[in-house]
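A.B. asks: Residue numbers (my numbering), protein chains in the order written: chain A, 293 to 434; chain B, -7 to 167.
1. Whose C-beta lies closer than 8 angstroms to the C-beta of residue 390/A among residues of the same chain, with five residues either side of it excluded?
2. Going by other Cβ atoms of all chains shown within 10 Å of its Cβ, with 16 needed for buried, is residue 368/A buried or exposed?
3. Can you pull the chain A neighbours of residue 99/B, defined as C-beta to C-beta under 8 angstroms?
4. DSSP beta-bridge partners for residue 131/B?
5. Tell me the DSSP secondary structure of residue 25/B in three-state form.
6. In whole angstroms, give me the CA-to-CA distance for residue 65/B and residue 339/A.
7. Under 8 angstroms between C-beta atoms, does residue 363/A make it to chain B?
8. Output the residue ranges of the beta strand (DSSP E) runs that lie fully inside the stretch 317 to 349 of chain A and measure 3 residues or longer, sorted by chain position.
9. If you check the beta carbons only, do residue 351/A and residue 34/B fall under 8 angstroms apart?
10. Beta strand (DSSP E) containing residue 48/B: first to last residue?
11. Using CA atoms only, rank isn't needed, just tell me which of 86/B, 48/B, 155/B and 15/B is closest to residue 142/B.
12. I'd like to check one pair, residue 331/A with residue 307/A: are the Cβ atoms closer than 8 angstroms?
13. Roughly how many angstroms lie between the CA atoms of residue 82/B and residue 56/B, to the nearest whole one?
14. Looking at the unbroken beta strand (DSSP E) that takes in residue 12/B, where does it start and where does it end?
15. What does the Cβ neighbour count give for residue 431/A, buried or exposed, with the cut at 16 atoms within 10 Å?
16. List the residues of chain B whose Cβ lies closer than 9 angstroms to the Cβ of residue 354/A, in chain order.
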């Protein structure tokens, strides 16, 4: 073993390869293959906790699609369920902005056009809502 | 530590089931099963070096749906026609409009059923797909039609074999 690199976690084991994430030398016991990548236990654990490793992400919430869905729901059923429109506009804009830089679908990627369209629809809801309130108040003053 | 999302290639065929829309993708050394509803996606991965086989089994789902949709469509059309005819025969009564409305609603449902029946027939025979690993059979949500499933099987099998060939051969232990 003299002159050989040793495992970061097991000083008595010869290193087999380096972790693709942090570069630590690991032995065959510590080598965890995830897809085409080789990770050490610490990086795998950290990736599991923070969901930063796309190879082990179990689910993803699609913020931009949600913003679009809220925008559409506010336009059609929102006309019937008017209390929904009060919250759907601001909520859709929040979803679009909050999720703008967050990762989107693992396979289809981030769809910014959906977030943008959702924001436009939600803004339209808010404008419509404000216009209705303004018209009602103006009619009451007369 | 954060890595960019890997590239995936979509495999043919998708399915609509109770869990949402299912599809199958191939990543770097693994199959990725994606189930999605509009705003949420779930992922399951099957590593090619763990897989032993991609299994396709014919199922009777298509014929079952054909029976259901055919019965709904056929009986619905008969009921719609009957309601329309009774309404027409009693057109001097006040309630004949209600029968026309009923005939319209039932007729609409029947036509939708018959359209779905046609699509179901055109999509071809149904099937179930599984990935066989050392831990057992893992059912896949997609594809659920035989044509795409066989195409995927033809694509996947060489990849599984290649991944298995890269594994070190088991050594006869002397220790």
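We treat Cβ as the ideally placed atom computed from N, Cα and C, and that holds for glycine.
Since the structure is predicted, the reported quantities are computational estimates derived from the model, not experimental observations.
C.D. replies: Put simply:
1. Correct list, in chain order: 355.
2. Residue 368/A is exposed by the Cβ-count criterion.
3. Those do not exist, as residue 99/B stays about 25 angstroms from chain A at its closest Cβ, beyond 8 angstroms.
4. DSSP, once it has assigned bridges, lists 122/B as partnering residue 131/B.
5. Residue state, collapsed to three classes: strand.
6. Inter-residue distance for residue 65/B and residue 339/A is about 52 angstroms (C-alpha atoms, whole angstroms).
7. Look at residue 363/A: its C-beta is not under 8 angstroms from any C-beta on chain B.
8. For the stretch 317 to 349 of chain A, whole beta strand (DSSP E) runs of length 3 or above, ordered along the chain, are 324 to 326 and 329 to 331.
9. The Cβ atoms of residue 351/A and residue 34/B sit closer than 8 angstroms to each other.
10. Boundaries of the beta strand (DSSP E) harbouring residue 48/B: 43 to 50, taken from the DSSP string.
11. Ranking 86/B, 48/B, 155/B and 15/B by Cα distance to residue 142/B puts 48/B first.
12. No, the pair does not count as a contact, with Cβ atoms beyond the cut-off.
13. Going from the Cα of residue 82/B to the Cα of residue 56/B covers about 39 angstroms.
14. First-last of the beta strand (DSSP E) with residue 12/B: 12 to 18.
15. Exposed, because fewer than 16 other Cβ atoms sit within 10 Å of the Cβ of residue 431/A.
16. The answer, in chain order, is 28, 30, 31, 32 and 33.
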